[in-house]
Every structure is written in structure tokens, then in C-alpha cells.
């Protein structure tokens, strides 16, 4: 794991607070948690302080992240990847240390996985599409019968490498490019995280390029055989957008300051 850093995205001065249960209800409604058959235990995973006056946001729930959230004075840690994934898990070893740290700090842990990929306003894919100024947006990226990504058009056509350079500036990380399609990029599909399985769908929609997170060996040849460019910008780096946007939305609604805890994995 690369060295950690934290970035403050909001005012240090507390401007508001909200009851934990009220915030949990609002988040459940806003994110439509029940709409997706997600293995993640979306919602409040660990109960902490009854009032939320400060929020920390992060992509992952590691011991390092939990410790940083506690040290920041946060009452709630908002994450994309939580601790519970649809199967029994003994609270021992590293898992115990994570749970113990959260409970010991009175830190609420709130996770939003697929609902935060798919959300049309603050979702990872919607935020990336907005950052790229994509137009003519349409649902894209099938996941168990739900479209959780987005497809659209660039304002003007770019060369493949120019587009990859633009993504690199957006994420701060070097992209892996599989140039299986057109040398130019105009119609783009976006699926954050592990979205390489959407190559065939991209081809069927006439997209020339798929932007996703991490590469998968089993999909390597698909780019070239379906004639679709694929840009891998990193699982982590494509999923920082949602938690930051959601934390900012909470601040707009309730005046709760927030901080983004940046622990990039390089993957």
C-alpha cells in the first residue's frame, strides 16, 4: 500500500449536526439502497455516536482508514467498500481490529457500494461523466439486471492517447490503455471499479471506448476482438468520486463538514 495522506475538502468549522438515525434514513432514501441486489451490507454497518457533527469519507475500510477517521474527530466514516459482504465473518484477527477500532472510537461506519456506483447525481460513474463533459447520456453497464454505469459523447473527438492523458490528469495516475478499437475517441462508456466485463455491451452500443478501473486477464482479448478501446484508470482512482460527492451533498443538506481520507492502493 502506498503512503497515506488525507485531504480536507470542507470547512474545519462545524456548522451543523444531525442525529445518526435521521442521517441513516435520509441516506437510505437518497441512495435507494433497496433497489440493488448487492452483496455489500449497504447502510450503517457499525453503530457509533448518536449525533453526527463531522464526517470522514474514504473508498476502503482498512484499519489505517478507521484510525485516521477516529483521529480526525469524525463521528461517521462514509465508505464505498465496507466490512461486510454477504457472508458470515468471524470477528477475529484483522477484522476484529477494524471493528474494535470503530467501536472504541464511537465511530459510525456507513457503506454504499453498488448504489453509489449507480446513483445519477453523486455516483462514481455520473461524476466521472460530468468531469469529462459527456453529453447525450444513457444508462450503461449491466449488473444483475441493473444499469449502473453511463455512456455518452465527448464534446469533441480526441485521439486515444489524448483521451488517456486527460483521464490521467483527472485521476493523477497513469492509465493502462488497450487500443483495440478506433484511434479516436468520441462515444464513451464509464463503469468504475471492476467494469471490464462491459466490453461486449460497449461494442453492441457502438461505443468506441470503455473507461473502467482495474484490468482482468480474462477480458484482455475482448478489447481487440470486439474492437473497443479500454482505458483502465484504477479501481481505487475511479471510485474516489462517489464518496466525495456524497459527503459534499450531506454538507449541502445538513451543514456537516467532511474530510476525504486518501489511501490509494495503486490498483
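In UniProt numbering, the protein residues as written are 1 to 267.
Every residue, glycine too, gets a C-beta built ideally from N, C-alpha and C.
Boundaries (first-last residue) of the beta strand (DSSP E) holding residue 85: Counted from its first residue, the chain shown places residue 85 at position 85. Where residue 85 is concerned, there is no enclosing beta strand (DSSP E), given that its DSSP letter is neither H nor E.
Boundaries of the alpha helix (DSSP H) in which residue 101 is found, first to last residue: Sequence index remark: in the chain shown, residue 101 carries index 101 (1-based). Start and end: 93-104.
Proximity below 7 Å, CB of residue 191 to CB of residue 212: Here the question's residue 191 lines up with position 191 in the chain shown. Here the question's residue 212 lines up with position 212 in the chain shown. Yes, the Cβ-Cβ distance between residue 191 and residue 212 is below 7 Å.
Under 7 Å between C-beta atoms of residue 214 and residue 267: Here residue 214 corresponds to residue number 214 of the chain shown, with the count starting at 1. Here residue 267 corresponds to residue number 267 of the chain shown, with the count starting at 1. Yes.
Close Cβ partners of residue 37 (< 6 Å) along its chain, the five nearest in sequence each way excluded: Residue numbering aside, residue 37 sits at position 37 when the chain shown is read from its first letter. So the list reads 144, once near-sequence residues are dropped.
Close Cβ partners of residue 250 (< 6 Å) along its chain, the five nearest in sequence each way excluded: If you number the chain shown from 1, residue 250 lands on position 250. Taken in chain order, the residues that qualify are 256.
contact_flag[the region 66-74, the region 103-121] where n(CB pairs < 8 Å) is 3 or more: Taking a cut-off of 8 Å for Cβ pairs, the region 66-74 and the region 103-121 touch, as three or more such pairs fall below it.
Presumed contact (8 Å Cβ cut-off) between residue 77 and residue 56, rounded CB distance: Locating residue 77 in the chain shown gives position 77, where the first residue counts as 1. Locating residue 56 in the chain shown gives position 56, where the first residue counts as 1. Residue 77 to residue 56, Cβ: 5 Å. Contact.
Close-in-space but distant-in-sequence residues of the same chain around residue 162 (CB under 6 Å, 5 per side omitted): Position 162 of the chain shown, counting from 1, holds the residue named residue 162. There are no such residues.
Integer Cβ distance of residue 112 from residue 246, believed to fall under 8 Å: Taking the chain shown and counting its residues from 1, the one referred to as residue 112 is at position 112. Taking the chain shown and counting its residues from 1, the one referred to as residue 246 is at position 246. About 7 Å separates the beta carbon of residue 112 from that of residue 246, a gap short enough to meet the 8 Å contact definition.
Buried or exposed by the 16-neighbour rule on C-beta atoms within 10 Å, applied to residue 151: Your numbering for residue 151 matches position 151 in the chain shown. By the neighbour-count rule (16 or more Cβ atoms within 10 Å), residue 151 is buried.
Residue 33 beta carbon less than 7 Å from that of residue 139: Working through the chain shown from its first residue, we reach residue 139 at position 139. Working through the chain shown from its first residue, we reach residue 33 at position 33. In this structure, residue 33 does not lie closer than 7 Å to residue 139 by Cβ.
Residue 241 classed as buried or exposed, judged by whether at least 16 other C-beta atoms fall within 10 angstroms: Here residue 241 refers to the residue found at position 241 of the chain shown. The residue is buried, with at least 16 neighbouring Cβ atoms inside 10 Å.
For residue 63, the three-state DSSP class (helix, strand or coil): Within the chain shown, numbered from 1, the residue matching residue 63 stands at position 63. Helix at residue 63.
Nonlocal neighbours in the same chain, by C-beta distance under 7 Å from residue 134, ignoring five residues either side: Walking along the chain shown from the start, residue 134 turns up at place 134. So the qualifying residues of the chain are 152, 153, 154 and 188.
Residue 52 beta carbon near the ligand SAM (any heavy atom closer than 6 Å): In the structure on display, the ligand SAM does not appear, and there are no ligands present to speak of.
Enclosing alpha helix (DSSP H) for residue 276 [first to last residue]: Only positions 1 to 267 of the chain appear in this structure, which leaves residue 276 out of reach.
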